[in-house]
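Once you know that position 89 of the sequence shown is 146 in this note's numbering, the rest is easy, because the numbers rise by one and skip nothing. Just so you know, even glycine gets a beta-carbon here, dropped at the ideal spot from N, CA and C. The model shown is predicted, which means the values in this text are computed figures rather than measured ones.
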Amino acid sequence: MLKTLLLLGVGNAALAVNKAAAGSYETVYGTTRQPEKCPYLLEQRITPILCDAISPESLGKIREIATDSHVVASFPPDEVSDSLLSETVSMASKIVYISSTGVYGGISGIIDETSPVDSGNPATTARLRAEHTWQGRGAIVLRAPALYDTNYGLHKSLLDGKFRLPGDGTRYSSRIHLDDLATIVLKALLLAPCGSTYVVGDETPCPQIEVVQWLCDRLHLEPPPSIPIEQAHITQQGNRQINSRKVLSDLGISLRFPSYRDGFEQCIREYDRAGEGAMEA
Numbered sequence: 058m059l060k061t062l063l064l065l066g067v068g069n070a071a072l073a074v075n076k077a078a079a080g081s082y083e084t085v086y087g088t089t090r091q092p093e094k095c096p097y098l099l100e101q102r103i104t105p106i107l108c109d110a111i112s113p114e115s116l117g118k119i120r121e122i123a124t125d126s127h128v129v130a131s132f133p134p135d136e137v138s139d140s141l142l143s144e145t146v147s148m149a150s151k152i153v154y155i156s157s158t159g160v161y162g163g164i165s166g167i168i169d170e171t172s173p174v175d176s177g178n179p180a181t182t183a184r185l186r187a188e189h190t191w192q193g194r195g196a197i198v199l200r201a202p203a204l205y206d207t208n209y210g211l212h213k214s215l216l217d218g219k220f221r222l223p224g225d226g227t228r229y230s231s232r233i234h235l236d237d238l239a240t241i242v243l244k245a246l247l248l249a250p251c252g253s254t255y256v257v258g259d260e261t262p263c264p265q266i267e268v269v270q271w272l273c274d275r276l277h278l279e280p281p282p283s284i285p286i287e288q289a290h291i292t293q294q295g296n297r298q299i300n301s302r303k304v305l306s307d308l309g310i311s312l313r314f315p316s317y318r319d320g321f322e323q324c325i326r327e328y329d330r331a332g333e334g335a336m337e338a
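Have a look at this one:
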């Protein structure tokens, strides 16, 4: 059993990592700036660290915990926090920084580790700066596309009536189930070279309209209205097919959910089993 896992930021991705790591670490710590979140973290068997990233006391505690430990950083880009925290945990045995395929911006087509980032796009600047900061401390960078699990993702947006199809839906999109992302994170902490960069995603990139139509048919929903592509959120304007063969090969991973059909079908079954209200009409 490994000794310590430190989660810098405890959002959906970090919670999935914690779940997948059950029994692998003696102690899991998680940082939060919200005192009201501490009881929930304890319920998840995460020891909360209530911290202010610029507080010497907080930084000292994080430094002590991180030394010779595994660290996962998954909070949104913040120049001050990235700089301070990456230095503070630099004595960790391994660091994974969860980034976004959004760094490819307006670049279309098949994306792998050899693809150039869209460094001239203002929308990518903050994330690329954060990657550079963390990689300077030896972090492994994982660039992830859209994330989903039982209670989070496209299926929920459709059920809630919030989703709008960008344009005609023919642009390609990629995604990965949070359980599969968590598996990749934990394997990267064990096997990936420090300072490496990988793109991650499932094995079935497809046009947005394909997955939307499949979900609407499966959930007995009317197709959502469409909006002009320029009105869609920046994360929905891309046209990328993520090729994750390298990370799967290098780390010896077989995805549990290699396609959106596998993943969303499991989400629907789990949602109904949990008694959250029938997801199907």
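Roughly how far, in whole angstroms, is the beta-carbon of residue i from the beta-carbon of residue j, given that I think they are within contact range, below 8 Å?
{"i": "arginine 295", "j": "arginine 228", "result": "A small correction: the amino acid at residue 295 is glycine; arginine does not occupy that position in the sequence shown. That belief holds up - the Cβ atoms of glycine 295 and arginine 228 are roughly 7 Å apart, short of 8 Å."}
{"i": "alanine 203", "j": "alanine 77", "result": "So it is not a contact: roughly 19 Å between Cβ atoms."}
{"i": "phenylalanine 314", "j": "leucine 272", "result": "At roughly 14 Å, the Cβ-Cβ gap does not stay under 8 Å, so phenylalanine 314 and leucine 272 are not in contact."}
{"i": "isoleucine 167", "j": "tyrosine 161", "result": "Incorrect: roughly 11 Å between the Cβ atoms, too far for contact."}
{"i": "valine 146", "j": "isoleucine 103", "result": "17 Å between Cβ atoms; not a contact."}
{"i": "glycine 195", "j": "threonine 181", "result": "22 Å between Cβ atoms; not a contact."}
{"i": "alanine 183", "j": "isoleucine 233", "result": "Not really, about 22 Å apart at Cβ, beyond 8 Å."}
{"i": "isoleucine 152", "j": "isoleucine 197", "result": "7 Å"}
On the DSSP bridge list, what partners appear for residue i?
{"i": "glycine 87", "result": "Leu64 and Pro105"}
{"i": "serine 156", "result": "Arg200"}
{"i": "leucine 59", "result": "Tyr82"}
{"i": "lysine 219", "result": "BP columns for lysine 219 are empty, so no partner."}
{"i": "threonine 254", "result": "Val198"}
{"i": "serine 283", "result": "Leu222"}
{"i": "arginine 297", "result": "Gly166"}
{"i": "lysine 151", "result": "His127"}
{"i": "proline 96", "result": "Paired residue(s): none; proline 96 is not in a bridge."}
{"i": "cysteine 263", "result": "Ser230"}
{"i": "aspartate 206", "result": "Tyr209"}
Going by Cα to Cα distance, which pick from the options is closest to residue i?
{"i": "proline 250", "options": "Pro133, Asp225, Asp125 and Gln192", "result": "Gln192"}
{"i": "proline 282", "options": "Lys219, Val256 and Val129", "result": "Lys219"}
{"i": "serine 131", "options": "Val174, Glu93, Asp225 and Val74", "result": "Val74"}
{"i": "cysteine 324", "options": "Gly210, Lys60, Gly226 and Ile197", "result": "Gly210"}
{"i": "glycine 258", "options": "Ala289, Leu199, Leu248 and Leu246", "result": "Leu199"}
{"i": "leucine 246", "options": "Asp125, Ile167 and Arg297", "result": "Asp125"}
{"i": "alanine 331", "options": "Asn208, Leu312, Leu278 and Lys213", "result": "Asn208"}
{"i": "alanine 71", "options": "Leu243, Leu312 and Asp274", "result": "Leu243"}
{"i": "aspartate 360", "options": "His189, Gly177 and Met148", "result": "Outside the displayed range of the chain (58 to 338) lies residue 360, so it cannot be described from this structure."}
{"i": "serine 81", "options": "Val67, Glu93 and Leu62", "result": "Leu62"}
{"i": "serine 156", "options": "Arg318, Pro113 and Tyr255", "result": "Tyr255"}
{"i": "proline 96", "options": "Ala289, Asn300 and Val67", "result": "Val67"}
Let's test the definition: count the other Cβ atoms within 10 Å of the Cβ of residue i and tell me whether it reaches 16, buried, or not, exposed.
{"i": "threonine 171", "result": "exposed"}
{"i": "alanine 338", "result": "The predicted model places alanine 338 with a pLDDT of 43, which falls under 50 and marks its position as unreliable; any figure quoted below should be read in that light. By the 10 Å Cβ count, alanine 338 comes out exposed."}
{"i": "aspartate 206", "result": "buried"}
{"i": "glutamine 265", "result": "buried"}
{"i": "leucine 65", "result": "buried"}
{"i": "valine 174", "result": "buried"}
{"i": "lysine 60", "result": "exposed"}
{"i": "arginine 326", "result": "exposed"}
{"i": "alanine 79", "result": "exposed"}
{"i": "isoleucine 5", "result": "The chain is shown from 58 up to 338; residue 5 falls before or after that span and cannot be answered."}
{"i": "leucine 215", "result": "buried"}
{"i": "glycine 87", "result": "buried"}
{"i": "isoleucine 284", "result": "exposed"}
{"i": "arginine 90", "result": "exposed"}
Once you ignore the five residues that flank residue i on each side, which residues in its own chain have a CB closer than 8 Å to its CB?
{"i": "alanine 335", "result": "Since pLDDT at alanine 335 reaches only 48, below the 50 mark, its modelled position is unreliable, and the value read off the structure follows with that caveat. Only Asp329 meet the Cβ criterion."}
{"i": "leucine 99", "result": "Pro105"}
{"i": "threonine 84", "result": "Lys60, Thr61, Leu62 and Thr104"}
Please work out which residues of its chain come closer than 6 Å, Cβ to Cβ, to residue i, disregarding the five sequence neighbours upstream and downstream, and give them in chain order.
{"i": "aspartate 109", "result": "Ser115"}
{"i": "leucine 141", "result": "Ala110"}
{"i": "serine 138", "result": "Ala110"}
Compare the C-beta of residue i against all C-beta atoms of chain D and say whether one is closer than 7 Å.
{"i": "isoleucine 266", "result": "The question asks about chain D, but that chain is absent: this structure has only one protein chain."}
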